[in-house]
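From first to last, the protein sequence lines are chains A and B. If you read the first sequence in this note's numbering, its first letter stands for residue 110, the second for the next number, and so on. If you read the second sequence in this note's numbering, its first letter stands for residue 43, the second for the next number, and so on. What follows is a set of notes on a single structure, which appears directly below.
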Amino acid sequence: MTPIHEPLSEEAAARLVQVAALSKTPFVIRGGGTRSLHPAPEGGEVLSTRGLNGIVAYNPAEMTMTARAGTPLELVEAALAEKRQMLAFEPNDLRGVLGTSGLPTIGGVFATNASGPRRFTAGAARDSLLGVRFVNGRGEVVKAGGRVMKNVTGLDLVKLLAGSHGSLALLTEVTFRLLPVPETAVTLVVSGLNDAEAAAAMATAMSMSVEVSGAAHLPESVRGRFAGGALPDGAATVLRLEGLAASVAVRAERLAAAMAGFGAVSRLEAEATRRLWREIRDGAPYADGTPRPLWRVSVAPVAGQQLVAALRLETGVDAFYDWQGGLVWLRMEADPEEALLRRYIKAVGGGHATLVRARAEALAASEVFQPQAEAVAMLQARVKASFDPDGLFRSRMVG
Amino acid sequence: MDQIGFLEPRPAVLSRRREIVADLLDLLPEGCLVHETRELVPFETDAFVSYRRLPLAVALPETTQQVAAVLKYCHRYGVPVVPRGAGTSLSGGAIPQEDAVVIGLSKMARILDVDYANRTATVQAGVTNLSISDAVSADGYFYAPDPSSQLACTIGGNIGMNSGGAHCLKYGVTTNNLLGVKLVLIDGTIVDLGGKALDAGGLDLLGVVCGGEGQLGIVTEATVRLIARPEGARPVLFGFDTSEEAGDCVAGGLAPRSIPHAPGLIGNAGTEDSGASPPAGDPLDGAGLLVAGGEGSRGGADAMLASIIGIAGRHGVKAVKESQSATEAALIWKGRKSAFGATGRIADYICMDGTVPLGQLSHVLRGTAEIVAKYGLRVANVFHAGDGNMHPLILFNANDPEDAARAEAAGNDILRLCVDAGGCLTGEHGVGIEKRDLMRHQYSDVDLAQQMAVRAAFDPQWLLNPSKVFPLEGRPAA
């Protein structure tokens, strides 16, 4: 049995790390345990944030919230919903595709930089994160950033911590910005486009000043698994507009006119829109109860479909696209095909791939995160050592 | 009144000056090294003009490889390096020192690639901020971060300082619009961080390089996001009886319920004391003027505007002036952007840059007035009110050293007030030398030690811009 530590306060967490530093006992940091199937490294003990729970401050007028890292995401979102506010970046829920249970935590959201479809207009999780408190590998409690929107005072350690996947420090508290919930939202559906046509249609939509807040392409193979089968026949290229009702109406009309040149245009109203984009966010078609390898691939938007087309010539893949094609959810048939995938990512101009799901042996044998060029990898290792000189925090992110 | 200290020049470097110049002349093409004293004078300061130091030499490389060669040389011989864009830093970020080689990026000013399908531009670091938007404007795009100095400042400098601007409430600051950089490390290694993808793999090194104030490496190229230019920017000028009321309107109504386009607050003293006309020749004599606006597509902007005007109405607005045409809108914006210039006509000033939580705006405005009164000075307020970034301009007489010292002391008090109110020392100008010695007011020793450890991971010998950001005392041994 791997020991699990659940400190109930930041001070207790710091003491735990200080003691572990003496014996060089490594930790694996865990929030809700819903986002990762990676096994704990040999000899590692689990350091859980579950005991660091609760909203510390919520000021709706300032549009910021501070919460302890182990606070369940659903608690945060419920508090925000009461004031009609939200996390701008639509953190995803990977329980469906991973078959995990438990409650995702707000700390886990930021530690993995979990960012959804509104990436274009609202940025990633890291762009919403204003301040953090953390325990570094020396057992010191450190704060970085603050609770204001604009802050260039000193080095931006907040960005480093966001998306560090537990490799640098134990997040204990996060402060983040909020947005008002849009008054309404609609989705325009352009039907029957192949991947390349969809890329062109989405590029056109994004070139217009209609503020598209989501652009995804759902090929025919997955289309039926979205929106309860309500999308029209054929592949669905979906474009979301949000905001004040009067504004959305005008923008939707203009966008629909421009999209009519690409294919048949239909429309989903607010409720169906919310469901659809939640499913896109969570990779819903691959919540299929299988361990078949699943990648999230980030490339230049127009390169997404080029990557998938190239892979299709060599192996069986299923895919759909978010972020105008720049985020590819890619499911392999059996083997993760890591070497092949990384080669083609390079060929289409570069980017990165994260192995979200695979059988245990394949996970152990693969680079879960994108390997970096040698000079960058060395720099990363030095940055890690500046937080965690003894390498107490084990993560697949930085060796 | 030279109160802010610099590191003592390294004797070993000063004594080798002639050799270093000769070596650098060998490394660089003709016309790419400035070393005659009178030619070095233009590089002795930046827009924080009260402090100046003559550098050892100024390298003006034309390629990334030349930047790498100079850095490699300086690393090998322990020569400090100060990166420089256009020298518009308001915090002294580009002020050199006697033993330093300045690396200026002014000769690397080409736009390398514009990719509309992916909505990115890749540019050399010496390209000016505005020239990116100018290059893509005819095709309906713009680059969002727009610091007041955008005509002159370079994208490399913007990245160094993580610059903001009037639009940042809606579109974010530099870090939110930067996708990738080519970075030369102090030992001359060239690395690429990020690219055209929206997210990069690995640790977010790009996130810490941006705003690193030239201490982590020298950026020679950048890939930035382009955004489809809104068609209907419709600024409105609101007049309130006091700056505090205008601040309350932003905190209590505007910001939480909408994302208004670039609200800026232009306060009182500047116009009132000078008799100069308020921005854009507007008849409003309001003590608190607020510029806000609806922006977006046709129709979208109108809806947003109606909502904003409604909110202002519930917060005691005394006068509202809507722009009816593009020309009028441009005039209102020009008023907002040239507010610094307008104030400069009536006195010398130093511009502070603290940021506070929105709910603390009126508290800090009152405190600011008390502080400057205590020092017998005057203040004019220009704010990005929507994000709490305050730019009180402390007016003083630069020909009177005592007056100047009082202004500096008042500025420091105001920044401490901002930090105590839950804010920070600098929202967009950077720490530079100006706020370096106040860092311990915002951060604990442990907080600063962690930042310095990260800095040392990039530059173990502390050669890059070494007199900046971190207090000179309590640094780790190099």
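Glycine included, every Cβ here is placed at the ideal spot set by N, Cα and C.
- Taking 8 Å as the cut-off between beta carbons, the residues of the stretch 394–418 of chain B near chain A are T397, V398, P399, L400 and G401, in sequence order.
- Residues of the stretch 462–478 of chain B with a C-beta less than 8 Å from any C-beta of chain A: G464, G465, C466, L467, T468, G469, E470, H471, G472, V473 and K477, listed in chain order.
- Fewer than three Cβ pairs drawn from the stretch 223–243 of chain B and the stretch 421–429 of chain A lie within less than 8 Å of each other, which leaves the two stretches out of contact.
- Taking one beta carbon from each stretch, the stretch 399–412 of chain B and the stretch 421–430 of chain B have 3 or more pairs nearer than 8 Å; the two touch.
- By the Cβ test, the stretch 242–258 of chain A is not in contact with the stretch 213–233 of chain A, since fewer than three Cβ pairs between them sit closer than 8 Å.
- Interface annotation for the stretch 403–426 of chain A against chain B: S407, V408, A409, P410 and V411, criterion Cβ-Cβ distance under 7 Å.
- When beta bridges are read from the DSSP output, A/S407 appears opposite A/L436 and A/H461.
- Counting only the Cα atoms, B/L240 lies some 23 Å from A/P291.
- Residue pairing from DSSP leaves B/D442 without any beta-bridge partner.
- Around the Cβ of A/D265, a 10 Å sphere holds 16 or more other Cβ atoms; the residue is buried.
- Of the residues B/V124, B/K149, B/T410 and B/G120, the one whose Cα lies closest to the Cα of B/E86 is B/V124.
- The stretch 410–428 of chain B makes no contact with the stretch 240–251 of chain A, as fewer than three CB pairs between them are under 8 Å.
- Put simply, the CB of A/F478 is near chain B, with a gap under 7 Å to one of its CB atoms.
- Relative to the Cα of A/T399, the nearest Cα in the group A/E442, A/L364 and A/E380 belongs to A/E442.
- Within the DSSP bridge table, the entry for A/V218 names no partner.
- Counted as a single uninterrupted DSSP element, the alpha helix (DSSP H) harbouring B/D176 occupies residues N171 to S179.
- Proximity of B/Q45 to chain A, defined by a Cβ-Cβ separation below 7 Å, is not satisfied.
- Under the 10 Å beta carbon count, A/G435 is surrounded by 16 or more other beta carbons and is classified as buried.
- In summary, the residues of the stretch 166–192 of chain A whose CB is separated from some CB of chain B by less than 8 Å are N168, P169, A170, E171, M172 and T173, in the order they occur in the chain.
- Collapsing the DSSP output to three states places B/I137 in coil.
- Considered as a whole, the stretch 361–411 of chain A harbours 379–390 as its complete alpha helix (DSSP H) runs of no fewer than 4 residues, in chain order.
- Residue environment analysis places A/Q433 among the buried positions, since at least 16 neighbouring C-beta atoms fall within 10 angstroms of its C-beta.
- Around B/V124, no beta-carbon contact reaches into chain A at under 9 Å, the shortest distance being about 18 Å.
- Residue pairing by DSSP places A/G254 opposite A/G240 in a beta bridge.
- DSSP, read as helix, strand or coil, puts B/L514 in coil.
- Under the 7 Å criterion on CB atoms, B/E444 is classed as non-interfacial with respect to chain A.
- Distance from the Cα of B/V109 is smallest, within the candidate group B/Q166, B/E140 and B/A177, for B/Q166.
- Within the stretch 263–274 of chain A, the residues whose Cβ lies closer than 7 Å to some Cβ of chain B are G263, L264, D265, L266, K268, L269, A271, G272 and S273, listed in chain order.
- Here B/K416 carries a helix assignment [DSSP, helix/strand/coil].
- Sequence-distant partners of B/F90 (beyond 5 residues in either direction) whose C-beta falls short of 7 Å from its own C-beta, in its chain, are S131, L132, S133, G134, I137, G474 and E476.
- In the DSSP assignment, B/N507 falls outside any beta strand (DSSP E) and carries neither an H nor an E.
- Relative to the Cα of A/F136, the nearest Cα in the group A/G275, A/V437 and A/L450 belongs to A/G275.
- For a cut-off of 8 Å, the C-beta gap from A/A197 to A/R227 is around 6 Å, short enough to register as a contact.
- For B/C252, the three-state secondary structure derived from DSSP is coil.
- Using a Cβ-Cβ cut-off of 7 Å, A/L280 does not count as an interface residue toward chain B, since no Cβ of chain B sits closer than that to its own.
- A contact between stretches requires three or more CB pairs, one per stretch, nearer than 8 Å, and the stretch 199–211 of chain B meets this requirement with the stretch 460–474 of chain B.
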